[in-house]
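Student: Heads up: the protein sequence lines correspond to chains B and A, in order.
1 is the number of the first residue of the first sequence in my numbering; add one for each residue after it.
81 is the number of the first residue of the second sequence in my numbering; add one for each residue after it.
We put the CB at the ideal spot given by N, CA and C, even for glycine.
Computed from a predicted structure; not experimentally measured.
Below you will find the structure I want to go over with you.
Protein chains: 2
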Amino acid sequence: MKARVIITLKSGVLDPQGKAIEGALSSLGFDGVHSARQGKVIDLELTATEPDAAREEVERMCEALLANTVVERYHIDLNP
Amino acid sequence: MKARVIITLKSGVLDPQGKAIEGALSSLGFDGVHSARQGKVIDLELTATEPDAAREEVERMCEALLANTVVERYHIDLNP
């Protein structure tokens with residue numbers, strides 16, 4: 001089973017990479033951008049075949065390693 | 081309108097960050113991971129309100145700045 005984890009900064013947390021993207025887009029002439037925020041995506045291939053077990057395992061991975069839950073939130077999409 | 085751009089390495093491109101995640105997960109006891117690949121997610125808030133125009137603008141941003149299309153592919157999700 002495949003899992004996609006999307007990790008984004010919580011709102012209110014300063015995002016220098018996002019600000020850099022905003023500035024670069026603006027300097028390239030893209031004026032229609034209010035804001036940009038950058039996050040991470042992690043694609044996992046799992047041996048687990050049962051969705052509930054897979055989601056529970058990926059949640060434990062996020063809490064233990066993948067996300068810093070003080071400043072980041074994560075979202076898990078499973079793709080059997 | 082909001083747009084989420086997901087940028088991932090093309091298959092076959094070496095992904096040291098993904099390999100590091102695989103190793104770290106394994107050393108933490110998560111044995112059920114075949115592979116891990118890391119990419120980027122960029123959340124944009126756009127002034128454009130028309131979906132086709134917004135998608136076309138974000139595609140131009142990807143080609144010009146956000147993605148390195150030699151080694152990366154991008155996927156755009158619009159959220160009006």
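What residue range does the beta strand (DSSP E) around A:ALA246 cover?
Tutor: No statement about residue 246 of chain A is possible, as the shown extent of chain A runs from 81 to 160 and does not include it.
Student: Relative to chain B, which residues along the region 102-126 of chain A have a C-beta separation below 7 Å, given in chain order?
Tutor: Flagged, chain order: ALA104, LEU105, LEU108, PHE110, GLY112, VAL113, HIS114, SER115, ALA116, ARG117, GLN118, GLY119, LYS120, VAL121, ILE122, ASP123, LEU124, GLU125, LEU126.
Student: So is B:VAL58 buried or exposed if we call it buried at 16+ other beta carbons inside 10 Å?
Tutor: Answer is buried; the Cβ neighbour count reaches 16.
Student: When you compare each of B:ILE21, B:ASN68, B:ASP77 to B:GLN38 by their alpha carbons, which one comes out closest?
Tutor: Out of B:ILE21, B:ASN68, B:ASP77, B:ILE21 has the C-alpha closest to the C-alpha of B:GLN38.
Student: Are any of the Cβ atoms in chain A nearer than 8 Å to that of B:LEU78?
Tutor: So, not an interface residue.
Student: Taking any Cβ of chain B, which residues in the region 143-154 of chain A have a Cβ under 8 Å from it, in chain order?
Tutor: Result list: ALA144, LEU145, LEU146.
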